[in-house]
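What follows is a single structure, written as structure tokens, with notes after it.
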Amino acid sequence: ARMENGGGRGALIVLEGLDRSGKTSQCARLLSFLQGKGCLAEAWRFPDRETSVGKMISAYLANESQLDDRTIHLLFSANRWEKRNLMESKLLGGTTLVVDRYSYSGLAFSAAKGLEIEWCKAPEVGLLAPDLVIYLDVQPEKAAERGGYGGERYERVEFQKRVAEHYHSLRDSTWKVVDGSLPMETVQEQLRELAMNCISECQGKQLTNL
Ligand code: DGP
Ligand code: NA
Ligand code: NA
């Protein structure tokens with residue numbers, strides 16, 4: 042049966058976690074599940090490397106360019122700002138967005154470099170607040186054993202350990218922590234349940250800002 046949203050808004054669902062925590066594949070699976078249920082849904086990701094700001098970020102991550110820590114922080118934030126209006130109109134139009142990384146990545150990664158958390162938060166204020174943040178919890182050492190690790194700037198175990206500590210301190214009531222070391226299917230089942238509950242619960246709630 043088609044999942045009716047009664048003309049209501051879509052949910053803003055964010056997945057966060059360390060590099061190689063499994064976010065990207067879980068987002069893709071969650072999207073097909075939701076679409077299979079007849080739910081209007083799209084998968085998004087940040088950084089969005091397609092925009093001109095995103096291309097600067099991508100070059101930085103590939104170590105092809107050097108940027109001051111605050112400068113790259115603001116570019117990551119700008120990359121979310123340039124998508125804010127489209128995001129809002131999709132959500133208000135009833136589309137649920139499953140987003141691979143968001144402002145919490147901005148805070149956790151930049152704070153792990155030593156930037157002050159309050160300074161890091163400032164440019165995120167006014168972006169849309171997620172209805173649900175799912176944190177895929179994987180030990181930094183375990184994540185490092187997964188394929189493809191080590192290709193980009195931040196993919197070093199010592200650094201990811203600091204990122205994990207900052208993520209930990211950011212958790213609030215909208216966060217659900219899922220053990221990302223469980224089998225892929227088990228993780229997916231938990232994500233499906235969290236997402237379905239969130240989609241029905243957000244109907245009566247206003248979209249708000251961070
Ligand atoms: P991904 O495309 O999901 O692998 O992300 C690329 C890398 O950039 C990853 O190491 C996480 C990091 N990252 C994502 N968003 C931000 C952000 O807003 N600020 C900083 N400093 N790093 C970020
Ligand atoms: Na990565
Ligand atoms: Na990813």
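Residue numbers (UniProt numbering): 42 to 251.
Ideal Cβ positions, reconstructed from N, Cα and C, are used throughout, including at glycine.
The model shown is predicted, which means the values in this text are computed figures rather than measured ones.
Compare the C-alpha of residue i against each of the options and name the closest.
{"i": "Ser214", "options": "Tyr176, Tyr195, Ala152, Leu223", "result": "Tyr176"}
{"i": "Ser151", "options": "Arg142, Asp178, Leu127, His114", "result": "His114"}
{"i": "Phe117", "options": "Gly134, Ser130, Ala163", "result": "Ala163"}
{"i": "Leu108", "options": "Arg194, Glu242, Tyr190, Leu223", "result": "Arg194"}
{"i": "Leu75", "options": "Asn238, His209, Leu223", "result": "Asn238"}
{"i": "Leu251", "options": "Tyr190, Tyr145, Gly134, Lys131", "result": "Tyr145"}
{"i": "Leu148", "options": "Glu186, Gly58, Leu248, Lys131", "result": "Gly58"}
{"i": "Tyr190", "options": "Leu81, Ala170, Ala103", "result": "Ala103"}
{"i": "Gly51", "options": "Leu211, Gly134, Arg70", "result": "Gly134"}
{"i": "Ala236", "options": "Leu71, Thr65, Met97", "result": "Leu71"}
{"i": "Thr249", "options": "Gly192, Leu132, Pro181, Ala205", "result": "Leu132"}
{"i": "Leu211", "options": "Ile158, Met225, Leu223", "result": "Ile158"}
{"i": "Ser66", "options": "Thr136, Arg86, Thr112", "result": "Arg86"}
{"i": "Leu53", "options": "Ala205, Leu223, Thr136, Glu165", "result": "Thr136"}
Who are the Cβ neighbours of residue i in its own chain at under 7 angstroms, not counting the five residues just before and after it?
{"i": "Asp89", "result": "Gly95, Asn120, Lys124"}
{"i": "Thr92", "result": "Asn120, Glu123"}
{"i": "Gln231", "result": "Val219"}
{"i": "Gly221", "result": "Gly58, Ser62, Gly63, Leu177, Asp178, Val179, Val228"}
{"i": "Ser130", "result": "none"}
Identify, in the order they occur along the chain, each residue of the same chain with its Cβ nearer than 6 angstroms to the Cβ of residue i, setting aside the five sequence neighbours on each side.
{"i": "residue 283", "result": "This structure leaves residue 283 out entirely; the chain is present only between 42 and 251."}
{"i": "Gly167", "result": "Asn250"}
{"i": "Leu81", "result": "Gly135, Thr136"}
Using the Cα positions of residue i and residue j, report the straight-line distance between them to the nearest angstrom.
{"i": "Val198", "j": "Gly49", "result": "43 angstroms"}
{"i": "Tyr143", "j": "Ser62", "result": "15 angstroms"}
{"i": "Val228", "j": "Gly155", "result": "32 angstroms"}
{"i": "Glu83", "j": "Val55", "result": "12 angstroms"}
{"i": "Gln244", "j": "Leu138", "result": "14 angstroms"}
{"i": "Asp172", "j": "Asp60", "result": "23 angstroms"}
{"i": "Leu169", "j": "Ala153", "result": "24 angstroms"}
{"i": "Gly77", "j": "Arg233", "result": "12 angstroms"}
{"i": "Ile98", "j": "Trp160", "result": "20 angstroms"}
{"i": "Gln201", "j": "Lys183", "result": "11 angstroms"}
{"i": "Gln247", "j": "His207", "result": "28 angstroms"}
{"i": "Val140", "j": "Trp216", "result": "14 angstroms"}
{"i": "Ser241", "j": "Gly188", "result": "36 angstroms"}
{"i": "His209", "j": "Arg203", "result": "10 angstroms"}
{"i": "Met225", "j": "Cys68", "result": "12 angstroms"}
{"i": "Glu186", "j": "Gly192", "result": "13 angstroms"}
Is residue i close to chain C? Criterion is C-beta to C-beta, closer than 9 angstroms.
{"i": "Ala149", "result": "Absent from the structure: chain C. Only one protein chain is present."}
The alpha helix (DSSP H) that contains residue i, what's its start and end?
{"i": "Glu199", "result": "198-211"}
{"i": "Leu132", "result": "125-133"}
{"i": "Val139", "result": "Counting along the chain, Val139 falls outside any alpha helix (DSSP H), though it belongs to the beta strand (DSSP E) covering 137-141."}
{"i": "Tyr195", "result": "Run containing Tyr195: none; DSSP gives neither H nor E here."}
{"i": "Lys246", "result": "Unbroken run through Lys246: none, as it is neither H nor E."}
{"i": "Asp110", "result": "110-122"}
What are the boundary residues of the beta strand (DSSP E) that residue i is part of?
{"i": "Arg86", "result": "82-86"}
Whose C-beta lies closer than 8 angstroms to the C-beta of residue i among residues of the same chain, with five residues either side of it excluded?
{"i": "Ala42", "result": "Here Ala42 scores only 37 on pLDDT, less than 50, and its place in the model should not be relied on; the value that follows carries that caveat. If we look at Ala42 and ignore the five residues flanking it on each side, its Cβ neighbours are Gly79."}
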